[in-house]
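**Q** If you number the sequence shown the way our numbering does, the last residue is 472 and the count never jumps.
Even glycine gets a Cβ: it sits at the ideal position worked out from N, Cα and C.
Have a look at this one before I ask anything.
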Amino acid sequence: MSNNLDESFRDTIGTIDKEGHRKYIYPKKPSGKFYDYRKWVSYFLLIILVANPFIKINGNQFMMFNVLERRFNIFSFPFWPQDFYIFVLFMVIGVVFVILFTVIFGRIFCGWICPQTIFMEMVFRRIEYWIEGDRGAQIRLEKQEWDSEKIRKKALKWFAFLVISFLIANVFLAYLIGSDELFHLIEDGPMAHSSSFISLLIFTGVFYFVFAWFREQVCIIACPYGRLQGVLLDKKSINVAYDFVRGEKEAGRAKYNKQEDREASGKGDCIDCKQCVNVCPTGIDIRNGVQLECVNCTACIDECDTIMEGVGLPKGLIRYASEDEIETKAKFKFTARMKGYTAVLVILVGVLTGLLFLRTEVEATILRLPGQLFQHKGDNISNIYTFKIINKTNHDITNLHFKLVGIKGTLKVVGVQELKVLKHEMSSGTMFIEINKFLLESDRTKLEIDLYEGDKKIETTYTNFLSPRSFD
Numbered sequence: 001m002s003n004n005l006d007e008s009f010r011d012t013i014g015t016i017d018k019e020g021h022r023k024y025i026y027p028k029k030p031s032g033k034f035y036d037y038r039k040w041v042s043y044f045l046l047i048i049l050v051a052n053p054f055i056k057i058n059g060n061q062f063m064m065f066n067v068l069e070r071r072f073n074i075f076s077f078p079f080w081p082q083d084f085y086i087f088v089l090f091m092v093i094g095v096v097f098v099i100l101f102t103v104i105f106g107r108i109f110c111g112w113i114c115p116q117t118i119f120m121e122m123v124f125r126r127i128e129y130w131i132e133g134d135r136g137a138q139i140r141l142e143k144q145e146w147d148s149e150k151i152r153k154k155a156l157k158w159f160a161f162l163v164i165s166f167l168i169a170n171v172f173l174a175y176l177i178g179s180d181e182l183f184h185l186i187e188d189g190p191m192a193h194s195s196s197f198i199s200l201l202i203f204t205g206v207f208y209f210v211f212a213w214f215r216e217q218v219c220i221i222a223c224p225y226g227r228l229q230g231v232l233l234d235k236k237s238i239n240v241a242y243d244f245v246r247g248e249k250e251a252g253r254a255k256y257n258k259q260e261d262r263e264a265s266g267k268g269d270c271i272d273c274k275q276c277v278n279v280c281p282t283g284i285d286i287r288n289g290v291q292l293e294c295v296n297c298t299a300c301i302d303e304c305d306t307i308m309e310g311v312g313l314p315k316g317l318i319r320y321a322s323e324d325e326i327e328t329k330a331k332f333k334f335t336a337r338m339k340g341y342t343a344v345l346v347i348l349v350g351v352l353t354g355l356l357f358l359r360t361e362v363e364a365t366i367l368r369l370p371g372q373l374f375q376h377k378g379d380n381i382s383n384i385y386t387f388k389i390i391n392k393t394n395h396d397i398t399n400l401h402f403k404l405v406g407i408k409g410t411l412k413v414v415g416v417q418e419l420k421v422l423k424h425e426m427s428s429g430t431m432f433i434e435i436n437k438f439l440l441e442s443d444r445t446k447l448e449i450d451l452y453e454g455d456k457k458i459e460t461t462y463t464n465f466l467s468p469r470s471f472d
């Protein structure tokens, strides 16, 4: 970077003025190759985001994060509290993947994939352009007196934002409580599901606040991922970067003059038009170097390329590049740190794959009742247990019974005529296990118990059987 660069910009952010008041950003409407690519990617991701909670595979919602009931579906695979370690592993893999992606490509996730950016730039901002016009028109409208035109445009925009926030809140609620429950809420009316309806209104208010007022400050101030860049990025990371070597040269930036030979005068290719600043959705000057506020949205690349083409200079003054590439023309290398993160990611994915293959559709747990000792029943010793059976399948399981393996004894389930578990439900109860004392070799015997559905064994579980130390 240029040696005489003023670093004072790092002490301020573009959304707050010198007095500490909120300063609204009115970015110019972007256009160009990268913006077109981003639109297609964003629309594709929006379809996935909206459709996920309403798609079902084998009766399971494709994506669901029901925190209250502790039920989660990921890619239609249901996860119960007993599977929480797998769910956590999913999250860890996601974090490691984002870290690896950031080390290599910088904050590209924020500009291309993050739901906040997609909704802000590809939904709410585009509605704003449609109603209020481009940057110049928005600034003039903001300074304009509250006449009929301003009231009409502002009211229409705020109403459109509210409607979209309400729709987003419905989708968000479908992720949390399930799409079936959401449809019940709609069919029965809000008064029949007051708690869910209040949650829906709260979510609507939060989304409206974020996209109508807080906006880009989510990325600049609130998002913790942006803060991670300081420890993840280095000179080898690929970012949206300004080529200061070419842009500044010996004489620095200068306005464009048709009659002037810029090469002979030593002036840089940057003509100081400030269009890269005007188009930036977070209000930064990309020419100041790598900044936490930059979300790698590529709007400045498209705008600069258009300007360069217009004045007859080569494109790529702002482009995807690492600092090393700009300073020394060094080619990209897969560094040891990148290899380390990749190795960790591969290991975690391998562990997750193994756990998913070992995961059973029916899970049974048998535990001795706390605080209860064994009982003598003639020559038999009896222990009391509680059991839980979780049915993770999409069908009811009936005609269930337990069998001891490797030792003779009897199992008696208390108060149940027919042991069954409905789909996606859990059944629990109490049981006695009696074993002849002469078959027990120690005071703590490990029992293997199989769970059968009719004649089909569907699960194996283990528990401990307590007995006296001596039978003399």
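Which same chain residues, not among the five before or five after Phe-62, have their C-beta less than 6 Å away from its C-beta?
**A** These residues qualify, in order along the chain: Asn-52, Ile-55, Ser-76.
**Q** In whole angstroms, what separates the C-alpha of Phe-119 from that of Leu-356?
**A** Answer to the nearest angstrom: the Cα atoms are 33 Å apart.
**Q** With a threshold of 8 Å on Cβ separation, who are the neighbours of Ile-93 within its own chain once the five nearest residues in sequence on each side are excluded?
**A** Answer for Ile-93: Leu-345, Leu-348, Val-349, Leu-352, listed in chain order.
**Q** Can you check whether the CB of Lys-377 is closer than 8 Å to the CB of Met-484?
**A** Residue 484 lies beyond the stretch modelled for the chain, which goes from 1 to 472, so this question has no answer here.
**Q** Hey, how far is the Cα of Ile-47 from the Cα of Glu-121?
**A** The straight-line gap from Cα to Cα measures roughly 16 Å.
**Q** Measure the beta-carbon distance from Asp-302 to Tyr-35 and round it to whole angstroms, keeping in mind my assumption that it falls under 8 Å.
**A** 5 Å between Cβ atoms; contact.
**Q** For Asp-450, which three-state DSSP category applies?
**A** Of the three classes helix, strand and coil, the one that applies to Asp-450 here is strand, per DSSP.
**Q** For Arg-246, which residues from the same chain have a beta carbon less than 7 Å from its beta carbon, with the 5 sequence-adjacent residues on both sides left out?
**A** Once the five neighbours on either side are set aside, the close Cβ partners of Arg-246 are Gly-268, Asp-269, Leu-317.
**Q** Around the C-beta of Pro-81, are 16 or more other C-beta atoms found within 10 angstroms, so that it is buried, or is it exposed?
**A** Exposed: under 16 other Cβ atoms inside 10 Å.
**Q** Can you tell me which of Gln-217, Ser-42, Ile-397 puts its alpha carbon nearest to the alpha carbon of Gly-283?
**A** Measuring from the Cα of Gly-283, the nearest candidate turns out to be Gln-217.
**Q** Is Val-231 near Asn-296, with beta carbons less than 8 Å apart?
**A** The answer is no: Cβ separation not under 8 Å.
**Q** Around the C-beta of Asn-3, are 16 or more other C-beta atoms found within 10 angstroms, so that it is buried, or is it exposed?
**A** With a pLDDT of 44 at Asn-3, under the threshold of 50, the predicted position of this residue should be treated as unreliable, though the coordinate-derived value follows. Classification for Asn-3: exposed.
**Q** Determine, using beta-carbon pairs with one atom in the segment 103-115 and one in the segment 129-141, whether at least three such pairs fall under 8 Å.
**A** Because the criterion of three Cβ pairs below 8 Å is not met, the segment 103-115 and the segment 129-141 do not touch.
**Q** Report the three-state DSSP secondary structure of Thr-393 (helix, strand or coil).
**A** Three-state result, Thr-393: coil.
**Q** Is Asn-394 near Asn-60, with beta carbons less than 8 Å apart?
**A** Yes; because the gap between Cβ atoms is below 8 Å, this pair is in contact.
**Q** To the nearest whole angstrom, what separates the beta carbons of Tyr-462 and Leu-451, a pair I think is in contact under 8 Å?
**A** Actually they do not touch by this definition, with Cβ atoms about 12 Å apart.
**Q** If we ignore side chains and look at the alpha-carbon of each, how far apart do Phe-124 and Leu-367 end up?
**A** Approximately 54 Å, taken between the alpha carbons.
**Q** How is the alpha helix (DSSP H) around Met-308 delimited, first residue to last?
**A** 299-311 is the extent of the alpha helix (DSSP H) around Met-308.
**Q** Suppose contacts are defined by Cβ-Cβ distances below 8 Å. Is Asn-464 in contact with Ile-433 by that definition?
**A** Cβ distance not < 8 Å, so Asn-464 and Ile-433 don't count as in contact.
**Q** In this structure, how does DSSP classify Lys-333 when only helix, strand and coil are distinguished?
**A** Coil, per DSSP.
**Q** Could you spell out where the beta strand (DSSP E) holding Pro-115 opens and where it closes?
**A** Run containing Pro-115: none in the beta strand (DSSP E); it sits in the alpha helix (DSSP H), 115-119.
**Q** Counting C-beta neighbours from all protein chains within 10 Å, is the total for Thr-410 16 or more, i.e. buried, or is it exposed?
**A** Its Cβ having fewer than 16 others within 10 Å, Thr-410 is exposed.
**Q** Which word fits Arg-215, buried or exposed, when buried means at least 16 other C-beta atoms lie within 10 angstroms of its C-beta?
**A** Buried.
**Q** Thinking C-alpha only, which one of Ala-254, Ile-286, Thr-365 is nearest Asp-243?
**A** Of Ala-254, Ile-286, Thr-365, the residue nearest in Cα terms is Ile-286.
**Q** Can you have a look at Leu-373 and say buried or exposed, based on whether 16 or more other CB atoms are within 10 angstroms of its CB?
**A** Leu-373 should be labelled exposed.
**Q** Can you list, in chain order, the residues of its chain with a C-beta nearer than 8 Å to that of Val-210? Leave out the 5 residues immediately preceding and following it.
**A** Gln-116, Val-218.
**Q** Compute the beta-carbon to beta-carbon distance between Tyr-175 and Phe-65, rounded to the nearest angstrom, for a pair I have assumed lies under 8 Å.
**A** Their Cβ separation, rounded to whole angstroms, is 6 Å, which keeps Tyr-175 and Phe-65 in contact under 8 Å.
**Q** For Thr-460 and Ala-364, I'd like the C-alpha separation in whole angstroms.
**A** Taking the straight line joining both Cα atoms gives about 7 Å.
**Q** Quick one: using the 10 Å Cβ neighbour count with 16 as the cut-off for buried, is Trp-112 buried or exposed?
**A** Classification for Trp-112: buried.
**Q** Provide the residue(s) that pair with Lys-457 in DSSP beta bridges, ordered along the chain.
**A** Lys-457 is bridged to Tyr-452.
**Q** So, Phe-332 versus Ile-238, is the Cβ gap smaller than 8 Å?
**A** Yes. Within cutoff.
**Q** Between which two residues does the alpha helix (DSSP H) carrying Asn-278 extend?
**A** Here the alpha helix (DSSP H) through Asn-278 covers 275-278.
**Q** Decide if Ile-208 is buried, meaning its Cβ has at least 16 other Cβ atoms within 10 Å, or exposed.
**A** Sequence inspection shows Tyr at residue 208; the Ile mentioned does not correspond to that position. Buried: at least 16 other Cβ atoms inside 10 Å.
**Q** Would you check if the distance between the CB atom of Leu-361 and the CB atom of Lys-392 is smaller than 8 Å?
**A** Contrary to the premise, residue 361 reads as Glu rather than Leu in this sequence. Yes; because the gap between Cβ atoms is below 8 Å, this pair is in contact.
**Q** Please report the distance separating the alpha-carbon of Lys-143 from that of Gly-136.
**A** The alpha-carbon atoms of Lys-143 and Gly-136 are separated by roughly 11 Å.
**Q** Quick one: residues in its chain with C-beta nearer than 7 Å to the C-beta of Met-1, no 5 flanking neighbours on either side, listed in chain order?
**A** Its pLDDT being 45, under 50, Met-1 is placed unreliably in this model, and the coordinates cannot settle the point.
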